[in-house]
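The sequence shown begins at 30 in the working numbering and counts up one residue at a time.
For glycine and all other residues, C-beta sits at the position ideal for the given N, C-alpha and C.
Keep in mind it's a predicted model, so treat the numbers as computed, not measured.
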Amino acid sequence: MLQTDAYNYINVLDKALDASNLRETVITNNLANINTPGYKRREVDFQSLLRQELDKIKWNSLDEKMNDVQLSHLDAGVHFDMQAYGYDYRLDGNNVDVDVENTELASEQLRYQLISDSVTQEFSRLQKAMGR
Numbered sequence: 030m031l032q033t034d035a036y037n038y039i040n041v042l043d044k045a046l047d048a049s050n051l052r053e054t055v056i057t058n059n060l061a062n063i064n065t066p067g068y069k070r071r072e073v074d075f076q077s078l079l080r081q082e083l084d085k086i087k088w089n090s091l092d093e094k095m096n097d098v099q100l101s102h103l104d105a106g107v108h109f110d111m112q113a114y115g116y117d118y119r120l121d122g123n124n125v126d127v128d129v130e131n132t133e134l135a136s137e138q139l140r141y142q143l144i145s146d147s148v149t150q151e152f153s154r155l156q157k158a159m160g161r
């Protein structure tokens, strides 16, 4: 992580990449456990962490908000999907839906690519600003 205000946006994008990578791992783990009796799907939710952190800093521009974001509050973790918890799709107690997981996986792969492209563009802008 870079420790200057010029890189705050990049640091947030870095956290988003970490969360996206974790989410992809969790989704593939859900798919790997599709036939495990009693398995409950897991989820990673970075978006609500970021939203909560940005909402703490109302009335500022996005650039000002990025300067005030507490990066330590953006560490996404794995948790059970509480919306699907208690809903078992099968008699063996497993609640993983292969179609949902495959859709989420495709979505997450696109999200990771978009965030990665944003980081590349941000570094390109910084290089142009430095005259390189």
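Contact between the stretch 69-82 and the stretch 43-54 is established, with three or more Cβ pairs separated by less than 8 Å. For the set 132, 151, 142, the Cα lying nearest the Cα of residue 48 is the one of 142.
Residue 52 counts as buried, since at least 16 other C-beta atoms from the protein chains shown sit within 10 angstroms of its C-beta. Exclusion of the five residues before and after residue 137 leaves 49, 52, 53, 56 as the residues of its chain whose Cβ lies within less than 7 Å of its Cβ. Beyond the five residues adjoining it in sequence on each side, residue 151 comes within less than 8 Å, by CB distance, of 38, 39, 42 in the same chain, given in chain order. Between the alpha carbons of residue 140 and residue 133 lies a gap of roughly 10 Å. Judged by their CB atoms, residue 127 and residue 60 are nearer to each other than the 8 Å cut-off. A direct Cα-to-Cα measurement between residue 84 and residue 58 gives close to 32 Å.
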